[in-house]
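Novice: Chains as they are written, first to last, in the working numbering: chain L, 27 to 227; chain H, 27 to 227.
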DNA sequence: GTTTAAAGCTATTGACAATAGCCAAAATGG
DNA sequence: CCATTTTGGCTATTGTCAATAGCTTTAAAC
């Protein structure tokens with residue numbers, strides 16, 4: 027029996043819309059529980075149809091990652107604009123944590139490394155990191171000193187955010203206060219950054 | 027055709043041996059790429075046979091996690107024994123990073139939270155964290171001050187280790203040196219820890 | 001030595017990503 | 001405004017995985 031289907035409108039998907047809805051779904055259910063079947067249902071489409079817009083699940087995650095890096099970079103830039111020094115670091119740190127809490131899967135995706143040769147991903151990653159670099163250069167750090175400080179700053183924020191998202195801070199103490207002290211502690215360390223240089227061996 | 031099988035000896039698996047080999051495999055291929063088919067082949071057994079020793083892949087990961095927490099806790103305890111203050115923190119930090127680098131999947135598993143009610147996992151998790159707590163109490167921190175410091179210390183180490191494992195420190199600067207400065211920076215912050223208390227609001 | 005429990009096996013199911021190949025809907029271009 | 005092409009859907013199917021059912025043999029227990 028031949029079924030005639032008249033005027034079934036298209037869903038009107040694009041690669042960006044698919045990645046966008048995937049990010050929303052991932053933030054709800056977790057990046058690891060994102061499935062094409064579930065995503066297709068949300069988009070009102072069958073699962074194989076998604077392959078008109080993505081190459082694979084890995085490429086979808088990559089698209090989420092690129093979008094997320096752009097968003098996070100923008101958030102950090104907006105938080106630090108017009109501020110400098112400790113003030114900028116504090117504002118940026120809080121913006122970082124808040125965004126990560128609001129978008130756990132996006133945050134997770136934003137920490138994925140670009141594949142070698144993926145110029146778009148490499149560019150957006152570098153741009154986001156540049157925002158952090160710019161804030162720290164107010165401390166007049168140069169060369170390896172700056173690199174070490176940036177690595178320390180990123181490590182500090184990332185570690186806290188991951189533990190918080192995992193629910194690893196179960197003790198009764200106020201987590202907001204712990205974060206505030208973490209940031210202040212980092213600023214203290216930055217103020218003495220040249221005293222942390224290990225002796226040449 | 028009936029096949030007669032005489033004297034096929036058993037593989038002699040136990041839950042611990044399965045988890046142990048799973049940990050080895052995971053460190054080689056990545057925790058996310060651990061499959062029962064691959065694990066069974068390594069153990070000289072068919073995939074469904076593993077279910078005589080595990081309940082599910084989730085439970086296998088939990089078993090890896092418990093083993094890993096025990097190992098990491100022991101490593102940290104051994105690194106800090108006989109030392110105190112900044113010396114203990116430095117030694118423990120390096121032991122932490124070295125172990126994580128040697129056992130990336132085990133490390134990842136060790137950061138999984140215990141399921142509520144899983145007494146064994148909760149116990150071994152608490153024991154590992156206690157090692158860190160003990161080292162920091164040499165700084166005479168009490169109550170929330172100590173909790174904040176422990177959270178900061180764990181965040182700092184974890185963030186660095188995760189970024190290093192992900193290959194996120196691609197810049198030319200020496201990663202060992204960056205780690206050394208991170209640890210020294212944390213110690214500097216600890217020395218001024220009460221100056222990081224946020225003003226009451 | 002007989003019974004029983006444990007540990008292996010084959011066969012099968014169901015979720016998922018992924019591919020092939022078809023058809024309708026938009027877009028393009030005289 | 002009709003003809004052609006391109007695009008975005010679709011069904012059907014495959015392969016990989018975790019997981020279950022049910023059988024058989026090994027090894028322990030009595």
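For glycine and all other residues, C-beta sits at the position ideal for the given N, C-alpha and C.
A quick note: this is a predicted structure, and the numbers were derived from the prediction, not measured.
#1: Assign residue 70 of chain L to buried or exposed, taking buried as 16 or more other Cβ atoms, counted over all protein chains shown, within 10 Å of its Cβ.
#2: What is the residue span of the alpha helix (DSSP H) that residue 197 of chain H lies within?
#3: Would a C-beta distance cut-off of 7 angstroms place residue 187 of chain L and residue 131 of chain L closer than the cut-off?
#4: Quick check: residue 198 of chain H and residue 174 of chain L, are their CB atoms within less than 7 angstroms of each other?
#5: From what residue to what residue does the alpha helix (DSSP H) around residue 120 of chain H run?
#6: Please classify residue 62 of chain H: does DSSP put it in a helix, a strand, or coil?
#7: Using a Cβ cut-off of 7 angstroms (strictly closer), state whether residue 214 of chain H contacts chain L.
#8: In terms of residues, what are the limits of the alpha helix (DSSP H) holding residue 164 of chain L?
#9: On the DSSP letters alone, give me the boundaries of the alpha helix (DSSP H) that residue 95 of chain L sits inside.
#10: Run the CB neighbour count on residue 59 of chain L, radius 10 Å, all protein chains shown included, and call it buried at 16 or more, exposed below.
#11: Straight-line CA distance for residue 214 of chain L to residue 63 of chain H?
#12: Which whole-angstrom value describes the C-beta separation of residue 167 of chain L and residue 179 of chain L, a residue pair presumed to lie in contact below a C-beta threshold of 8 angstroms?
#13: Could you tell me the alpha carbon to alpha carbon distance between residue 191 of chain L and residue 124 of chain H, rounded to whole angstroms?
#14: With a threshold of 16 other CB atoms inside 10 Å of the CB of residue 82 of chain L, please say whether the residue is buried or exposed.
#15: Using the beta-carbon count (16 or more within 10 Å), is residue 99 of chain L buried or exposed?
#16: At a CB distance below 9 angstroms, what residues from the region 110-141 of chain H approach chain L? Give them in sequence order.
#17: Could you confirm whether any beta carbon from chain L is found closer than 7 angstroms to the beta carbon of residue 42 of chain H?
#18: 7 angstroms is my cut-off, CB to CB: does residue 218 of chain H come that close to chain L?
#19: Taking the alpha-carbon positions, what's the residue 278 of chain L to residue 172 of chain H distance?
#20: Look at the Cβ atom of residue 185 of chain H, then the Cβ atom of residue 222 of chain L, and state whether they are nearer than 7 angstroms.
#21: Closer than 6 angstroms: is that where the CB of residue 167 of chain H sits relative to any heavy atom of the ligand ZN?
#22: Taking 7 angstroms as the threshold (beta carbon to beta carbon), is residue 74 of chain H in contact with chain L?
#23: Do we get a CB-CB distance below 7 angstroms when we pair residue 224 of chain H with the residues of chain L?
#24: Relative to the alpha-carbon of residue 43 of chain L, which residue among L:147, L:79, L:61, L:72 has its alpha-carbon at the smallest distance?
#25: Note down the Cα distance separating residue 86 of chain H from residue 136 of chain H, rounded to an integer number of angstroms.
#26: Counting only beta-carbon atoms, is residue 177 of chain H nearer than 7 angstroms to chain L?
#27: Who are the near neighbours of residue 109 of chain L in its chain, counting only those whose CB is closer than 6 angstroms to its CB and skipping five residues on each side?
#28: Could you confirm whether any beta carbon from chain L is found closer than 7 angstroms to the beta carbon of residue 193 of chain H?
#29: Which chain H residues sit within Cβ distance under 7 angstroms of residue 159 of chain L?
#30: Quick check on DSSP: helix, strand or coil for residue 53 of chain L?
#31: Just how far apart, CA to CA, sit residue 37 of chain L and residue 142 of chain L?
#32: In its own chain, which residues sit with a C-beta less than 8 angstroms from the C-beta of residue 129 of chain H, not counting the 5 before and 5 after it?
#33: Between L:74, L:73, L:119, L:41, which has its C-alpha nearest residue 202 of chain L's C-alpha?
#34: Counting only Cβ pairs nearer than 9 angstroms, list the residues of chain L close to residue 183 of chain H.
#35: Quick check on residue 175 of chain H: does DSSP put it in helix, strand or coil?
Specialist: In brief:
#1: By the Cβ neighbour-count rule, residue 70 of chain L is exposed, with fewer than 16 other Cβ atoms within 10 Å of its own.
#2: Bounds of any alpha helix (DSSP H) do not take in residue 197 of chain H, whose DSSP letter is neither H nor E.
#3: No Cβ-Cβ contact shorter than 7 angstroms links residue 187 of chain L with residue 131 of chain L.
#4: With respect to the 7 angstroms criterion, residue 198 of chain H and residue 174 of chain L are not classified as neighbours on the basis of their beta carbons.
#5: Where residue 120 of chain H is concerned, the enclosing alpha helix (DSSP H) stretches over 111-128.
#6: The answer is helix: DSSP assigns residue 62 of chain H an H, G or I state.
#7: At least one C-beta of chain L is nearer than 7 angstroms to the C-beta of residue 214 of chain H.
#8: Judged by DSSP secondary structure, residue 164 of chain L falls outside any alpha helix (DSSP H); it is assigned neither H nor E.
#9: According to the DSSP assignment, residue 95 of chain L belongs to the alpha helix (DSSP H) that extends over 83-106.
#10: Residue 59 of chain L should be labelled exposed.
#11: So the two alpha carbons sit approximately 51 angstroms from each other.
#12: About 11 angstroms separates the Cβ atoms of residue 167 of chain L and residue 179 of chain L, ruling out a contact at the 8 angstroms cut-off.
#13: Approximately 25 angstroms, taken between the alpha carbons.
#14: A residue is called buried once 16 or more other Cβ atoms fall within 10 Å of its Cβ, and residue 82 of chain L, having fewer, is exposed.
#15: Buried is the label assigned to residue 99 of chain L, since at least 16 other Cβ atoms lie within 10 Å of its Cβ.
#16: Among the residues of the region 110-141 of chain H, those with a Cβ less than 9 angstroms away from any Cβ of chain L are 137, 138, 139, in the order of the chain.
#17: It does not: the Cβ of residue 42 of chain H has no partner Cβ on chain L nearer than 7 angstroms.
#18: Taking Cβ atoms only, chain L reaches closer than 7 angstroms to residue 218 of chain H, which makes this a yes.
#19: Nothing in the structure corresponds to residue 278 of chain L, since chain L is present only between 27 and 227.
#20: No, the Cβ-Cβ distance between residue 185 of chain H and residue 222 of chain L is not below 7 angstroms.
#21: In the structure on display, the ligand ZN does not appear, and there are no ligands present to speak of.
#22: For residue 74 of chain H, the answer is no, since every Cβ of chain L falls outside 7 angstroms of its Cβ.
#23: Yes, because at least one Cβ of chain L sits closer than 7 angstroms to the Cβ of residue 224 of chain H.
#24: If we check each option's Cα against that of residue 43 of chain L, L:79 comes out closest.
#25: Residue 86 of chain H and residue 136 of chain H: Cα-Cα distance of roughly 13 angstroms.
#26: The beta carbon of residue 177 of chain H falls within 7 angstroms of a beta carbon belonging to chain L, placing the residue at that interface.
#27: For residue 109 of chain L, where only same-chain residues beyond five positions count, the Cβ hits under 6 angstroms are 117.
#28: Contact with chain L is found for residue 193 of chain H, since one of that chain's Cβ atoms lies less than 7 angstroms from the residue's Cβ.
#29: Result: empty, since nearest Cβ-Cβ is about 11 angstroms, beyond 7 angstroms.
#30: The answer is helix: DSSP assigns residue 53 of chain L an H, G or I state.
#31: Their Cα atoms are separated by approximately 33 angstroms.
#32: Excluding five sequence positions before and after residue 129 of chain H, the CB atoms of its chain that fall closer than 8 angstroms to its own CB belong to 49, 53, 94, 97, given in chain order.
#33: Here the closest residue by C-alpha is L:119.
#34: Under the 9 angstroms cutoff, chain L gives 181, 185.
#35: Taken through DSSP and simplified to helix, strand or coil, residue 175 of chain H comes out as helix.
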